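> Before I ask anything, here is the structure I am working with.
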Amino acid sequence: MIDLLVIPLIKIVIVLTGVLITVMYLVLLERKVQAWVQTRLGPMRVGPHGVLQPVADVLKLFVKEDITPVRADKSVFMLAPIIVLVPALVALAVIPFGDTVSIFGKPVPLYIADLNIGLLYVVAVASIGVYGIILAGWSSNSKYPLLGGLRSSAQLISYELAVTLTFVSVVLASGSLSMVDIITAQKTNGVWFAFVQPVALFIYTVAALAETNRAPFDLPEAEQELVAGFHTEYSGMRFALFFLAEYANMIVVSAIATTLFFGGWLRPFPNVTMLWFLDYVPSWMWFVVKTFLVLYLFLWIRATLPRYRYDQLMRIGWKLLIPLAIANIIVTAAVKVALSY
Amino acid sequence: MGQALAFYTLAAFILGFGVLVITARNTVHSIMFLVADFLFIAALYAFQGAPFVAVIQVVVYAGGIVVLYLFVVMLVDLKRPPEAHQDRRRRGRLGMVVSLVVLAELVAIAAYKYVSPGAGLPAARPLEPDNVAQVGMLLYTDYLVPFELASMLLLVAMVGAIVLARREL
């Protein structure tokens, strides 16, 4: 009973709270990083160096008026932000946050579920999130959201293929679809898959930027052309849900990148016994640090690169990333077969 | 008992959403019900111990094909529900033929089961709980020819779509 219900529920509560708080502070971090890049100070007024800014933002969003356009399709308009947010949070279920730890002498693995189809589950869940964006655009019954929704869904569908193809090459390298087994494979091989699959890592990084609608691929909400894209008509808490979903998605893709390419919760050089003192840092700390480094890359790229044009985006996706990913799979498979002889 | 309860609950949802798909007046609503239907079908697969099929169901149908439906519907923008066909008698006749065919099919299946129960199906192999590898092995050994044929069919369809879309290649 305790193993079946209580422990998973506690884990779910901890993971959800952790992610939601991380989202709040990720927004602050983003504003700060952008400010530092542009030699500004960023938010400074609320609390020392602006550390209470997220609290103020959330309060503001809570008390804002929630507007539903008169001509909107009410039920779909209400449902859309939920459809966007839920997949982002549900995908966290298969991500291993750390090694098995013992709490009160009881071994507790630090993941919510270890599915033997973990990676496919992530793909499936992510593919549902697209609906929220299309429906938000459609149900607003307004031209900019509709255009933004169409753009965004075309972008997500195109780049989903590239992401899934990189997953295939990682699975070829690890021999398993389970997230836990992929980390174990990196331990037994003694190398992060970032070095085994550098091409896949490159494709994944570019495609992940596009999948999360982040700069330089933030076309669905390109302010100069589309006001705010698919969520133009949303306000108050419902707008906050879209915001939350975007950042939760960033955390999910960063956590997946950490798991697949950077050894997940493994410490650096897990097989070098000389670095034994690194073991004093708990495994989940390594995971958090690595994930934040990947997240920092997102913020850095946003502050550095200008936005791509829509036709450039489609060309990169279909004519560069997908053929490259397919070639990578063929080479990986060939090398794997050659090595097994 | 618990299994049967879960099965019939899922089946009820699947049928309920199926009915909603064809009765919904708004095309976008209808598509949303279709997605919900697919998700419940995936749940049914997962419940039957076929997680791989369940996930593929979600990826391919709910996440892939239906998104394209939604695209088409939004671009075409059907403000009015589709009108009924002018010739009511013709519609009735067509419905009659379709329902008779379905009925004949059902009767044939029932009769076949009654005459020779269990025949026609290959003996079910015991499934391991971790059946992804098993599915892969079966696809690339016993069912290699159908698998390759299906991929050829998809390739032909893709080439056909491109030719139709761009006539002046």
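Residue numbers (our numbering), protein chains in the order written: chain A, 5 to 345; chain B, 26 to 194.
Built from N, CA and C at the ideal position, the CB exists for glycine as well.
Please read all numbers here as calculations on a predicted model, not as lab measurements.
1. Taking A/Lys110 as part of the beta strand (DSSP E), name the residues at either end of that continuous run.
2. Between which two residues does the alpha helix (DSSP H) harbouring B/Ile39 extend?
3. Since B/Val91 and B/Val60 should fall inside the 8 Å C-beta cutoff, what is the C-beta to C-beta distance between them, to a whole number of angstroms?
4. Taking just the CA atoms, how far does B/Asp62 sit from A/Ala261?
5. Could you compute how far the alpha carbon of A/Phe234 sits from the alpha carbon of A/Val167?
6. So, helix, strand or coil for A/Val105, using DSSP?
7. Mind the definition here: the region 215-222 of chain A touches the region 308-324 of chain A only if three or more C-beta pairs lie below 8 Å; say whether that holds.
8. What does A/Tyr125 reach in chain B if we use C-beta pairs closer than 7 Å?
9. Out of B/Val44, B/Val184, B/Phe65, which one is the CA nearest neighbour of B/Ser55?
10. What separation, rounded to the nearest whole angstrom, lies between the Cα atoms of A/Val256 and A/Ala92?
11. At which residues does the alpha helix (DSSP H) containing A/Leu299 begin and terminate?
12. If we define contact as Cβ-Cβ less than 8 Å, is A/Ala261 a contact residue for chain B?
13. How far does the alpha helix (DSSP H) with A/Asn120 in it reach, from first residue to last?
14. Name, please, each residue of chain B whose Cβ falls closer than 7 Å to the Cβ of A/Ala128.
15. If you follow the alpha helix (DSSP H) that A/Lys15 is part of, which residue opens it and which one closes it?
16. Which residues of chain C have a Cβ atom closer than 7 Å to the Cβ of A/Ser344, listed in chain order?
17. Candidates A/Ile330, A/Phe197, A/Trp288: which alpha carbon is nearest A/Arg271's?
18. In chain order, what are the residue ranges of uninterrupted beta strand (DSSP E) at least 3 long that sit wholly in the region 67-99 of chain A?
19. Cβ closer than 7 Å: which chain B residues qualify as neighbours of A/Trp142?
20. Just to check my reading of the structure: A/Ser157 and A/Val134 have Cβ atoms closer than 8 Å, yes? What is that Cβ distance to the nearest angstrom?
21. Is B/Phe96 close to chain A? Criterion is C-beta to C-beta, closer than 8 Å.
22. Pair every Cβ in the region 138-156 of chain A with every Cβ in the region 192-212 of chain A, then say whether three or more of these pairs are closer than 8 Å.
23. Could you work out which residues of chain B lie near A/Ile138, taking near to mean beta carbons separated by less than 8 Å?
24. Is the region 164-178 of chain A in contact with the region 115-127 of chain B, if contact means three or more CB pairs nearer than 8 Å?
25. Between B/Phe77 and chain A, is there a C-beta pair that is closer than 8 Å?
26. Given a cut-off of 8 Å on the beta-carbon distance, is the pair A/Arg35 and A/Pro52 in contact?
27. Which first and last residues belong to the alpha helix (DSSP H) in which A/Asp315 is found?
28. Identify whether A/Glu250 lies in helix, strand or coil by the three-state DSSP scheme.
29. So A/Ala76 packs on A/Ser144, CB below 8 Å; how close in whole Å?
30. So B/Val184 contacts chain A; which residues on that side make the cut at Cβ distance below 7 Å?
31. Answer with buried or exposed for B/Met162, where buried requires no fewer than 16 other C-beta atoms within 10 angstroms of its C-beta.
32. Looking only at its own chain, which residues have a Cβ that is under 8 Å from the Cβ of A/Trp322, when we skip the five neighbours before and after it?
33. Can you say whether A/Ala252 is buried or exposed, counting buried as having 16 or more other CB atoms within 10 angstroms of its CB?
34. So the candidates are B/Leu64, B/Ala68, B/Asn51, B/Ala49; which of them puts its Cα closest to the Cα of B/Ala31?
35. DSSP state of B/Asp167, grouped into three classes?
On the basis of the data shown:
1. As a first step, residue 110 of chain A is located in the first sequence; it is residue number 106 there, counting from the start. Segment 110-114, the beta strand (DSSP E) holding A/Lys110.
2. Reading the second sequence from its first residue, position 14 is the one you call residue 39 of chain B. Element bounds for B/Ile39: 27-48.
3. Stepping through the second sequence from its first residue, residue 91 of chain B is reached at position 66. Stepping through the second sequence from its first residue, residue 60 of chain B is reached at position 35. With 8 Å as the limit, B/Val91 and B/Val60 qualify as a contact, their Cβ atoms being about 5 Å apart.
4. Mapped onto the first sequence, residue 261 of chain A falls at position 257. Mapped onto the second sequence, residue 62 of chain B falls at position 37. So the two alpha carbons sit approximately 32 Å from each other.
5. Within the first sequence, the letter at position 230 stands for residue 234 of chain A. Within the first sequence, the letter at position 163 stands for residue 167 of chain A. Going from the Cα of A/Phe234 to the Cα of A/Val167 covers about 23 Å.
6. Residue numbering aside, residue 105 of chain A sits at position 101 when the first sequence is read from its first letter. Of the three classes helix, strand and coil, the one that applies to A/Val105 here is strand, per DSSP.
7. Touching, yes.
8. Translated into positions along the first sequence, residue 125 of chain A becomes position 121. Simply Val80.
9. The sequence position of residue 55 of chain B within the second sequence is 30, counting from 1. Nearest C-alpha to B/Ser55: B/Val44.
10. Locating residue 256 of chain A in the first sequence gives position 252, where the first residue counts as 1. Locating residue 92 of chain A in the first sequence gives position 88, where the first residue counts as 1. Rounded to the nearest angstrom, the two C-alpha atoms are 7 Å apart.
11. Working through the first sequence from its first residue, we reach residue 299 of chain A at position 295. It spans 287-308 - the alpha helix (DSSP H) in which A/Leu299 sits, taken as one unbroken run.
12. Locating residue 261 of chain A in the first sequence gives position 257, counting from the first residue. Output row for A/Ala261: interface = no.
13. Within the first sequence, residue 120 of chain A is the residue found at index 116, counting from 1. Taken as a continuous stretch (DSSP letters only), A/Asn120 belongs to no alpha helix (DSSP H), as it is neither H nor E.
14. Here residue 128 of chain A refers to the residue found at position 124 when the first sequence is read from its first residue. The answer, in chain order, is Val80, Val83, Val84, Gly88.
15. In the first sequence, residue 15 of chain A corresponds to position 11, counting from 1. That run of the alpha helix (DSSP H) goes 11-41.
16. Chain labels in this structure do not include chain C; the protein chains are A and B.
17. Here residue 271 of chain A is taken as the residue at index 267 of the first sequence, counted from 1. Closest option to A/Arg271, Cα to Cα, is A/Trp288.
18. none
19. Sequence index remark: in the first sequence, residue 142 of chain A carries index 138 (1-based). Correct list: Val53, Met99.
20. The count along the first sequence starts at 1 and reaches residue 157 of chain A at position 153. The count along the first sequence starts at 1 and reaches residue 134 of chain A at position 130. 5 Å between Cβ atoms; contact.
21. As a working note, residue 96 of chain B is residue 71 in the second sequence. It does: the Cβ of B/Phe96 has a partner Cβ on chain A nearer than 8 Å.
22. no
23. Walking along the first sequence from the start, residue 138 of chain A turns up at place 134. Close to A/Ile138, with beta-carbon spacing below 8 Å, are these residues of chain B in chain order: Val92, Leu95, Phe96, Met99.
24. no
25. As a working note, residue 77 of chain B is residue 52 in the second sequence. It does: the Cβ of B/Phe77 has a partner Cβ on chain A nearer than 8 Å.
26. For the purposes of this step, residue 35 of chain A is identified with residue 31 of the first sequence, where counting begins at 1. For the purposes of this step, residue 52 of chain A is identified with residue 48 of the first sequence, where counting begins at 1. Contact flag unset, no.
27. Taking the first residue of the first sequence as 1, we reach residue 315 of chain A at position 311. Unbroken alpha helix (DSSP H) run through A/Asp315: 314-319.
28. As a working mapping, residue 250 of chain A is identified with position 246 in the first sequence. Helix, per DSSP.
29. To locate residue 76 of chain A, count along the first sequence from 1; it is residue 72. To locate residue 144 of chain A, count along the first sequence from 1; it is residue 140. Right, the Cβ-Cβ distance comes to about 6 Å (below 8 Å), so this counts as a contact.
30. One-based indexing of the second sequence puts residue 184 of chain B at position 159. Neighbours of B/Val184 on chain A: none; closest Cβ ~16 Å, over 7 Å.
31. Taking the second sequence and counting its residues from 1, the one referred to as residue 162 of chain B is at position 137. B/Met162 should be labelled exposed.
32. Start at 1 with the first residue of the first sequence, and residue 322 of chain A comes out as number 318. The residues are Ser162.
33. Residue numbering aside, residue 252 of chain A sits at position 248 when the first sequence is read from its first letter. A/Ala252 comes out buried.
34. Within the second sequence, numbered from 1, the residue matching residue 31 of chain B stands at position 6. When each option's Cα is compared against that of B/Ala31, the closest is B/Ala68.
35. Position 142 of the second sequence holds residue 167 of chain B. Coil.
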